[in-house]
Structure formats: structure tokens, C-alpha cells
Amino acid sequence: MENQKRLDEFQAKIDAGIKIEPKDWMPDKYRQTLVRQMSQHAHSEVIGMQPEANWLTRAPSLRAKKILMAKIQDEGGHGLYLYCAAETLGVSRDQYIQWLHEGKSKYASVFNYPSPTWADMGAIGWLVDGAAIVNQVSLQRTSYGPYARAMVRICKEESFHQRQGYEIMAEMAKGTPEQKEMAQEALNRWWWPSLMMFGPHDKESSNSGQSMKWGIKLESNDDLRQQFIDKTIPQVELIGLEVPDKNAKLMPNGSYKTSDIDWDEFWNVIKGNGPCNSQRLKHHKKAHDDGAWVRAAAEAYGKKQMELVD
Ligand code: FAQ
4 MENQKRLDEF QAKIDAGIKI EPKDWMPDKY RQTLVRQMSQ HAHSEVIGMQ PEANWLTRAP
64 SLRAKKILMA KIQDEGGHGL YLYCAAETLG VSRDQYIQWL HEGKSKYASV FNYPSPTWAD
124 MGAIGWLVDG AAIVNQVSLQ RTSYGPYARA MVRICKEESF HQRQGYEIMA EMAKGTPEQK
184 EMAQEALNRW WWPSLMMFGP HDKESSNSGQ SMKWGIKLES NDDLRQQFID KTIPQVELIG
244 LEVPDKNAKL MPNGSYKTSD IDWDEFWNVI KGNGPCNSQR LKHHKKAHDD GAWVRAAAEA
304 YGKKQMELVD
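Dropping the structure here:
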């Protein structure tokens with residue numbers, strides 16, 4: 004009875020739009036859902052640096068290189084805010100990383116695809132960051148305070164990322180026929196994986212019902228995906244590229260109807276069988292191991308500083 008009363012009070016707080024803070028009482032399942040979603044989100048930001056890092060040393064100009072470098076650093080920063088926010092749930096960053104390395108924690112499926120050309124830098128910024136923003140703008144109103152506040156800052160940076168990606172694509176689309184083709188091929192490669200980022204259809208989404216009741220998610224996977232499609236198709240047309248879906252059609256309500264996603268591909272990538280899953284994890288583990296001395300040095304420095312204060 005007591006527990007039901009607490010649950011009702013908790014729900015009433017959420018319904019009244021009051022944020023849940025780390026020291027507040029929360030149901031175990033609420034905490035576990037956030038541990039899963041926020042760590043998956045943090046891992047995605049960090050693993051997501053890899054497809055773009057592939058082009059840092061081969062950017063076509065100093066300007067392009069500086070912008071790409073700043074963008075990738077931002078993604079690392081987003082991972083940092085999100086790990087810090089996720090640590091307020093009582094799980095250490097070491098534990099989150101260990102779960103990632105053991106395959107117990109997921110990261111966004113989209114980062115398991117290769118980036119073979121410079122145009123992929125454009126497609127990632129435009130489509131992947133574009134999809135991330137649609138989702139994250141909604142998450143700024145999520146019920147858990149530290150997560151919502153991290154999202155506000157992240158969204159500001161992501162909108163710059165989306166524009167830099169679109170600029171690359173627009174430039175290539177009005178370049179030589181070969182450049183335009185390269186842009187079209189990158190769009191073809193990233194279109195479907197970007198739509199998959201929003202997760203399975205609502206009817207297949209095991210977590211959505213409870214997450215929406217608790218205000219962790221504010222909008223459903225399909226609603227967010229549709230918002231992204233409706234925003235992005237006119238952008239494709241504006242730069243003279245083709246939507247990689249012959250069935251995409253503008254409906255009288257102003258929304259686009261599109262073909263269904265290849266869900267077998269999505270689940271297969273999530274299970275670890277995408278084109279780059281093993282490469283991405285292997286690289287992350289190596290970088291983590293190589294960085295052990297930096298973490299040890301930072302910790303020793305911190306301890307020394309504390310001794311001086313004492
Ligand atoms: N990839 O019941 P649902 C970025 C899993 S940040 C992998 O619908 P939920 C920035 C899901 O975990 C991108 N797994 O799940 C950037 C669940 O697993 P379970 C990351 C996925 O959580 C740009 C199962 O499927 N953004 O890109 C995916 O309610 C460029 C059933 O699904 C976020 O993480 C997926 N796409 O809704 C960085 C946003 N979708 O329970 C570098 C925060 C679903 O079986 C370069 N997350 N799954 O273990 C969310 O909003 C939600 O977690 C969803 C999924 C919408 C992703």
C-alpha cells in the first residue's frame with residue numbers, strides 16, 4: 004500500500020511537470036530505464052566519433068578540417084555530459100564502459116556503417132545529427148533533471164553540426180557530376196540507417212509505453228521519425244538530390260508517406276552483425292586501454308591537489 008502511495012505521488016509529480024532529481028525517490032524500473040537509455044546515448048556520442056575521425060587527416064581544406072575537428076570534439080563533450088548525468092543514477096563511468104565492452108550495453112545502430120568518402124561527412128552531419136536533434140529537442144523536456152539539462156546544451160551544438168553537414172552536401176551537389184554522384188551515394192548510404200535511429204515501430208517498441216508514461220520519452224519513435232522525414236525530404240530536393248525511396252510521396256496533410264524500413268537489417272545490426280560493429284568496439288577498447296595512463300595521472304594529480312588543500 005505504502006509503495007503504491009509512493010508510486011502515485013511519483014506519477015503525480017511527473018504529470019505536474021516537476022523534474023525528478025538524483026536524490027528524489029524513484030521506482031527501480033524508472034532508474035533502470037534511465038541507466039539503459041542514458042548510457043546508450045552516451046556511448047553513441049563517443050562511438051559516433053569514429054566514422055568521422057576516419058576523414059580528419061584527409062579533409063579537402065584547412066577550413067573543412069578545422070570544422071570537422073571541432074565537431075568531433077563536441078561529440079566527445081556530449082558523451083562527457085551524458086556520462087556525468089548518468090553517474091547521478093548511482094552507476095560509475097567505469098561500470099558503464101565495462102558494460103559497453105562486454106556487449107551488455109548498446110549504442111546507436113547507425114554508427115556501425117562505414118564512411119568511405121568525404122561526402123559521408125556531409126551525410127553524417129546532415130542526416131545523423133539531424134535525426135539526433137529531432138529526438139533530442141524532445142528529450143530536453145524529459146522528466147529526469149540532469150538528463151534534460153544535458154540535452155539543452157547538446158541541442159545547441161547539434162544544430163551547428165547539422166548545418167555543417169548540409170553545407171558539405173550542398174557544395175558537392177552543385178560541383179562536378181562526379182562530386183554530385185558522390186553526394187547522392189552518401190545520401191543513399193545514410194538515409195535508411197538514419198531513419199532506423201528512431202528505433203522500432205511503436206508497436207514493436209518494448210519500452211515506449213512505460214517510458215512515455217514516466218515522461219522519459221515525450222514522443223513516440225514513429226512520430227519523431229515522421230518529423231525528421233518531413234523536414235529532410237524538402238532539404239534533399241532543394242539541393243537537387245534524389246530521395247533514396249521511389250515510394251516517397253507528399254500526402255494532402257503535408258506529411259510524406261515512405262516505404263517501410265528493412266527491420267531485419269536493423270535488428271541484425273543491433274545484435275552486433277552490422278558492417279562495422281566489431282571494428283567500432285575493438286577501436287574503443289584499444290583507445291580506452293591506451294588512455295589508462297592518462298586516467299591514472301589525472302587521478303594522482305587530483306589526489307595530490309587534495310593533499311595540498313588539507
Ligand atoms: N540503435 O523499446 P525501444 C547522435 C533498442 S546521438 C541501437 O523503442 P527506447 C549524436 C533499445 O535500446 C544518437 N539500439 O527503445 C551524434 C531497446 O533495447 P532493449 C543516440 C536501439 O529506448 C551524431 C530495443 O531496441 N541517441 O547521434 C535503437 O524506448 C553524429 C527496443 O527499442 C540516443 O540515444 C538504435 N537506433 O527507444 C554523434 C537518444 N533503437 O530494451 C556522433 C536517446 C532502439 O531491448 C556523430 N535514446 N534500440 O535492450 C532514445 O531516445 C531511445 O533510447 C530510442 C529507443 C528512441 C533510441
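Residues in the sequence shown are numbered consecutively from 4, following the working numbering.
Glycine is no exception: its CB is placed at the ideal position from the N, C-alpha and C atoms.
- Per DSSP, reduced to three states, the secondary structure at Ile23 is strand.
- Boundaries of the alpha helix (DSSP H) harbouring Asn280: Asn280 to Asp293, taken from the DSSP string.
- Shown here for Ala19: not one same chain residue has a beta carbon closer than 6 Å to its own, the five before and five after excluded.
- Boundaries of the alpha helix (DSSP H) around Tyr150: Gly148 to Ala176.
- Collapsing the DSSP output to three states places Tyr259 in a strand.
- Taking C-beta atoms as the reference points, Leu37 and Ile219 count as a pair closer than 8 Å.
- Annotated as distal: Trp217 and Met172, with beta-carbon spacing of 8 Å or more.
- A residue is called buried when at least 16 other Cβ atoms come within 10 angstroms of its Cβ; Pro237 does not meet this threshold and is exposed.
- Judged by their CB atoms, His44 and Leu85 are nearer to each other than the 8 Å cut-off.
- Between the segment 109-118 and the segment 53-73, the count of C-beta pairs closer than 8 Å reaches three or more; the two stretches touch.
- For the ligand FAQ, a non-hydrogen atom lies closer than 7 Å to the CB of Met200.
- Checking the 7 Å criterion, the Cβ of Val38 is out of range of every heavy atom belonging to the ligand FAQ.
- Going by DSSP, His44 is part of the alpha helix (DSSP H) stretching over Asp31 to Ile50.
- Taking non-hydrogen atoms of the ligand FAQ into account, the C-beta of Lys159 is found less than 7 Å away from none of them.
- Judged by beta-carbon spacing, Ala62 lies beyond the 8 Å limit of Gly125, meaning their Cβ atoms are not closer than that value.
- Between the segment 67-82 and the segment 12-32 there are fewer than three inter-stretch CB-CB distances shorter than 8 Å, so the stretches are not counted as touching.
- Placement of the Cβ of Met52 at a distance of less than 7 Å from at least one heavy atom of the ligand FAQ is found.
- Between Trp193 and the set Ala303, Gly212 and Thr235, the nearest pair of CA atoms involves Thr235.
- The C-alpha of Ser223 is placed about 29 Å away from the C-alpha of Leu284.
- No Cβ-Cβ contact shorter than 8 Å links Met154 with Gln165.
- The three-state reading of DSSP puts Lys107 in coil, since its state is none of H, G, I, E or B.
- Here the alpha carbon of Ser112 sits roughly 13 Å from the alpha carbon of Gly106.
- Judged by beta-carbon spacing, Val49 lies within the 8 Å limit of Gly82, meaning their Cβ atoms are closer than that value.
- Secondary structure at Lys16: helix, using DSSP grouped into helix, strand and coil.
- Taking 8 Å as the cut-off, the beta carbon of Ser162 is found no closer than this to the beta carbon of Ser108.
- For the set Leu103, Gln229, Leu244 and Ala189, the Cα lying nearest the Cα of Pro203 is the one of Gln229.
- Annotation for Ser141: Leu221, Glu222 and Leu227 place their beta carbon closer than 7 Å to its own, counting only its chain and skipping 5 residues before and after.
- Taking 7 Å as the cut-off, one finds no heavy atom of the ligand FAQ near enough to the beta carbon of Val155.
- Looking at the DSSP output, Lys252 shares a beta bridge with Lys260.
- Secondary structure of Trp28 (DSSP, three-state): coil.
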